[in-house]
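Visitor:
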Amino acid sequence: MGLLDMARIPRHISCIMDGNGRWATSRGLARTEGHKAGIISLREIITASVRLGVDVLSAYAFSTENWNRPQHEVNVLMHLFAKTFIDELPLLKRENVRVVFLGDISALPKKTRDVFEYGLEECRSHTGMVLALAVNYGGRAEIVRAARTVASAVATGALAVEDIDEATFASGLYTCDLPDPELVIRTSGEMRVSNYLLWQIAYSEFYITDTYWPDFDRWGLIRAIMGYQHRDRRFGGLSGESK
Numbered sequence: 002m003g004l005l006d007m008a009r010i011p012r013h014i015s016c017i018m019d020g021n022g023r024w025a026t027s028r029g030l031a032r033t034e035g036h037k038a039g040i041i042s043l044r045e046i047i048t049a050s051v052r053l054g055v056d057v058l059s060a061y062a063f064s065t066e067n068w069n070r071p072q073h074e075v076n077v078l079m080h081l082f083a084k085t086f087i088d089e090l091p092l093l094k095r096e097n098v099r100v101v102f103l104g105d106i107s108a109l110p111k112k113t114r115d116v117f118e119y120g121l122e123e124c125r126s127h128t129g130m131v132l133a134l135a136v137n138y139g140g141r142a143e144i145v146r147a148a149r150t151v152a153s154a155v156a157t158g159a160l161a162v163e164d165i166d167e168a169t170f171a172s173g174l175y176t177c178d179l180p181d182p183e184l185v186i187r188t189s190g191e192m193r194v195s196n197y198l199l200w201q202i203a204y205s206e207f208y209i210t211d212t213y214w215p216d217f218d219r220w221g222l223i224r225a226i227m228g229y230q231h232r233d234r235r236f237g238g239l240s241g242e243s244k
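Residues in the sequence shown are numbered from 2 upward in steps of one, following the numbering used here.
1. Would you report the Cα separation of Pro1 and Val55, rounded to the nearest angstrom?
2. Since Gly173 contacts Arg146 with CB under 8 Å, what's their CB separation in whole angstroms?
3. Just to confirm the assignment: which complete beta strand (DSSP E) runs, minimum length 3, are found wholly within the stretch 82-126?
4. Would you give the residue range spanned by the alpha helix (DSSP H) that His36 belongs to?
5. Using only the alpha-carbon positions, how far apart do Tyr138 and Thr176 sit?
6. Give the straight-line distance between the Cα atoms of Pro182 and Arg114, rounded to the nearest whole angstrom.
7. For Ile202 and Leu184, what's the separation of their Cα atoms in angstroms?
8. Just how far apart, CA to CA, sit His73 and Ala83?
9. DSSP three-state call for Asn137: helix, strand or coil?
10. Between the Cα of His13 and those of Pro215, Trp214, Ile186 and Asp211, spot the shortest distance and give me the residue it belongs to.
11. Would the stretch 31-46 count as touching the stretch 14-23 if we require 3 or more Cβ pairs under 8 Å?
12. Considering only residues of the same chain and omitting the five flanking positions on each side of Gly221, which have a CB-CB separation below 7 Å?
13. For the alpha helix (DSSP H) that Glu167 lies in, which residues bound it at each end?
14. Contact check, Leu81 vs His36 under 8 Å by CB: the rounded distance?
15. Taking just the CA atoms, how far does Phe207 sit from Gly120?
16. Could you work out which residue in Val75, Ile226, Thr65 and Ala60 is closest to Thr33 when comparing CA atoms only?
17. Given a cut-off of 9 Å, decide if Glu143 and Leu78 are closer than it, judged by their beta-carbon atoms.
18. Looking at C-alpha atoms only, which residue of Asp216, Thr157, Leu134 and Thr128 is the closest neighbour of Phe86?
19. Examine the Cβ distances between the stretch 149-166 and the stretch 88-95 and report whether three or more of them are shorter than 8 Å.
20. For the beta strand (DSSP E) containing Ile17, name the first residue and the last one.
21. Are Leu58 and Leu5 closer than 9 Å when you measure CB to CB?
Take a look at the structure:
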């Protein structure tokens, strides 16, 4: 960690956790074993992020498109989500982590949903790092949801059209209380955003690694942050050297 500038740790790091299935099949295992291994990696990244002073860690756990996977795999994932939340509550409490969900969890199976709601209540008073889990999440659907919220406010007279701005629109997003990600990490080498945080990642820095998520650890996280710290974030302007 001596090579890190601790004063420039990203406030919000977001992980597209990709490659669980390929990690498993490359080892002759069932895809579901990859998801189980991925949970161990997420646990390590949560702990490392807390130690590094990250304010928000978000993770893409289950997209709206993932319902199209084989039913057995979906069932296993729903069971794993519920089991993991219960199993990791002691860690979340010990580290003072507050959990929020991005996405429509009302569409999840009742058992999974009940566990999520219980866990949310257990972590509600925590004041440390926010863990934002994107479950049944789709970026386009989120934007449509925000647009409907704005349209409804205009229709009822609560909002004038001329008062609509970026902040007004963003207030209808799942992430309305969170800063936008400064660093997005995608594992498994895929070069796409997969319908994830389409509004919020407008100025995010990306770090792509060929490592599958189950093999991604705290050292991978540190390398990603080091890469981020060596970049010149211009937000559409000129770099410091060009001014």
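Positions of the beta carbon are idealized from the N, C-alpha and C atoms, including for glycine.
Just so you know, these numbers come straight off a predicted model, no measurement behind them.
Guide: Inspection of the coordinates gives the following:
1. Given that the chain is displayed from residue 2 to residue 244, the structure contains no residue 1 and the question cannot be resolved.
2. Going by Cβ atoms, the distance from Gly173 to Arg146 rounds to 7 Å, so yes, they are a contact pair.
3. For the stretch 82-126, whole beta strand (DSSP E) runs of length 3 or above, ordered along the chain, are 99-103.
4. For His36, the uninterrupted alpha helix (DSSP H) segment begins and ends at Arg32 to Leu53.
5. About 12 Å.
6. For Pro182 and Arg114, the distance between alpha carbons rounds to 26 Å.
7. Approximately 9 Å, taken between the alpha carbons.
8. Pairing His73 with Ala83, the inter-Cα distance amounts to about 16 Å.
9. DSSP places Asn137 in strand when its eight states are reduced to three.
10. Across the set Pro215, Trp214, Ile186 and Asp211, the C-alpha of Ile186 shows the shortest separation from the C-alpha of His13.
11. Yes, since at least three Cβ pairs between the stretch 31-46 and the stretch 14-23 fall closer than 8 Å, the two stretches touch.
12. Exclusion of the five residues before and after Gly221 leaves Thr210 and Thr212 as the residues of its chain whose Cβ lies within less than 7 Å of its Cβ.
13. Start and end: Glu167 to Ala171.
14. Taking the Cβ atoms as the reference, Leu81 lies roughly 6 Å from His36, within the contact range of under 8 Å.
15. Going from the Cα of Gly120 to the Cα of Phe207 covers about 31 Å.
16. Answer by Cα proximity: Val75.
17. Contact: no.
18. Checking every option, the nearest Cα to that of Phe86 belongs to Leu134.
19. Taking 8 Å as the limit for Cβ pairs, the verdict is that the stretch 88-95 does not touch the stretch 149-166.
20. Note, Ile17: beta strand (DSSP E), His13 to Ile17.
21. Not in contact: Leu58 and Leu5 (Cβ atoms no closer than 9 Å).
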